[in-house]
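Asker:
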Amino acid sequence: MSLLLTLAFLFFIGSVSGWVIELIYRNILCNPNPEKGWINPGFCTGPYLPLYGTGLCALYLLASLQALFPTLNHLIIFVLMAISSTLIEYIAGIWCLKKTKVRLWDYSDEWGNIDGVICPKFSFYWSLIGALYYFCVHSRILAALYWLSNNLAFSFVIGMFFGIFLLDYIHSAQLVSRLKAFAHENNVVLRYEEIKIQILHHHELTKQKYHFFLPFDSDRPLSEHLKELVASLDARTHRKEM
210 MSLLLTLAFL FFIGSVSGWV IELIYRNILC NPNPEKGWIN PGFCTGPYLP
260 LYGTGLCALY LLASLQALFP TLNHLIIFVL MAISSTLIEY IAGIWCLKKT
310 KVRLWDYSDE WGNIDGVICP KFSFYWSLIG ALYYFCVHSR ILAALYWLSN
360 NLAFSFVIGM FFGIFLLDYI HSAQLVSRLK AFAHENNVVL RYEEIKIQIL
410 HHHELTKQKY HFFLPFDSDR PLSEHLKELV ASLDARTHRK EM
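First residue of the sequence shown? That's 210 in our numbering, and the numbers climb one at a time after it.
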């Protein structure tokens, strides 16, 4: 099976699995009030996070080095996995922050963070995930790839995924361009999750149905939500300074 199809399959698996991990982490483990409503994590609308898909492809390629270099120390592979995952996270986060003034995630309160985009704690988590992948997942990934090579009709499903993902990405990029315009006009940095929470609270107050997979869908213009969010953040900052 070609490397391109292999990476496409891994990107599909990683993106969907990563979305599930983030959904649980952000809405249960890190959310003090999960009963207030679940927030769809990530940049896109659908149930996938391309950052995790890219990360899984990187883990697969690094774990495959063992077959090429049998004497390569496991510790070196784990370090490379942690570095590559952190680098992918940093490139994605800093690109979005510098280009659009939008934070997809925020580690500003974490010790040793760089630009609020990466930090030692989460780099450590990436190293643990890399070790877990190497010892528990990689062999199963190889088995899944063997199954895929014998069931190439499943590549149609992967093709459908990438078609939907492309349309979703274009839609999300258009949304971010609107956020970028507002952020530059008002000289602020917007946090993606806070905007979603702001819209969720509006739906709760007005007794409207909230669409989990359409977190930015509202009866009010997006600009009004953004102005209200910025005003509330300014008021919160003012209270802290007093």
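Note that CB positions come from ideal geometry on N, CA and C, so glycine has one too.
Taking contact to mean at least 3 C-beta pairs separated by less than 8 Å, is the segment 268–285 in contact with the segment 231–239?
Answerer: Touching, no, given that fewer than three Cβ pairs across the two stretches are closer than 8 Å.
Asker: Going by C-alpha distance, which of Ser332, Leu306 and Glu319 is nearest Leu296?
Answerer: The option with the nearest alpha carbon to Leu296 is Ser332.
Asker: Within this structure, are the beta carbons of Leu337 and Phe218 separated by less than 9 Å?
Answerer: Cβ distance not < 9 Å, so Leu337 and Phe218 don't count as in contact.
Asker: Tell me, please, which residues DSSP counts as bridged to Leu399.
Answerer: BP columns for Leu399 point to Val311.
Asker: Give the single residue among Ser317, Glu402, Tyr334 and His347 whose Cα lies nearest to the Cα of Val385.
Answerer: Nearest of Ser317, Glu402, Tyr334 and His347 to Val385, Cα basis: Glu402.
Asker: Could you check how far apart the C-beta atoms of Leu268 and Tyr316 are, in whole angstroms? I think they sit under 8 Å.
Answerer: With 8 Å as the limit, Leu268 and Tyr316 do not qualify as a contact, their Cβ atoms being about 21 Å apart.
Asker: Once you ignore the five residues that flank Glu231 on each side, which residues in its own chain have a CB closer than 7 Å to its CB?
Answerer: If we look at Glu231 and ignore the five residues flanking it on each side, its Cβ neighbours are Pro250, Gly251 and Leu258.
Asker: For the alpha helix (DSSP H) containing Ser224, list its first residue and its last residue.
Answerer: Run containing Ser224: Leu212 to Ile233, per the alpha helix (DSSP H) assignment.
Asker: Check each candidate in Ser211, Gln417 and Cys266 and name the one with the smallest Cα separation from Phe221.
Answerer: Taking only the C-alpha atoms, the option nearest Phe221 is Cys266.
Asker: Give me, in chain order, the residues of the same chain whose beta-carbon lies closer than 6 Å to that of Glu298; leave out the 5 immediate sequence neighbours on both sides.
Answerer: Excluding sequence neighbours, Glu298 sits near Ile327.
Asker: On the CB-based measure, 16 or more other CB atoms within 10 Å of its CB, does Met369 come out buried or exposed?
Answerer: Under this definition Met369 is an exposed residue.
Asker: Which runs of the beta strand (DSSP E) at least 3 residues long sit entirely within the segment 351–432? Give them in chain order.
Answerer: Runs found: none.
Asker: Could you compute how far the alpha carbon of His447 sits from the alpha carbon of Val397?
Answerer: With a pLDDT of 46 at His447, under the threshold of 50, the modelled position of that residue is not reliable, and the figure given next carries that caveat. About 16 Å.
Asker: Just list the residues that DSSP pairs Ile327 with in beta bridges.
Answerer: Bridge partners of Ile327: Ile323.
Asker: Taking DSSP as the reference, what is the three-state secondary structure of Phe344?
Answerer: Helix.
Asker: Just reading off the alpha helix (DSSP H) that Leu270 is part of, what are its end residues?
Answerer: Element bounds for Leu270: Pro259 to Ala272.
Asker: Skipping 5 residues on each side, what residues in its chain have a beta carbon closer than 7 Å to that of Ile408?
Answerer: Answer for Ile408: Pro424, Phe425, Ser427 and His434, listed in chain order.
Asker: Taking the alpha-carbon of Glu394 as reference, which of Lys310, Ile248 and Gly223 has the nearest alpha-carbon?
Answerer: Selected option, being the one with the closest Cα: Lys310.
Asker: Hey, Ser312 and Gly325: beta-carbon distance below 9 Å or not?
Answerer: Looking at the sequence itself, residue 312 is Arg, so the reference to Ser does not match. Yes, the pair counts as a contact, with Cβ atoms nearer than the cut-off.
Asker: Label Ala362 either buried or exposed according to how many other C-beta atoms from any shown protein chain fall within 10 Å of its C-beta, with 16 as the threshold for buried.
Answerer: Exposed, because fewer than 16 other Cβ atoms sit within 10 Å of the Cβ of Ala362.
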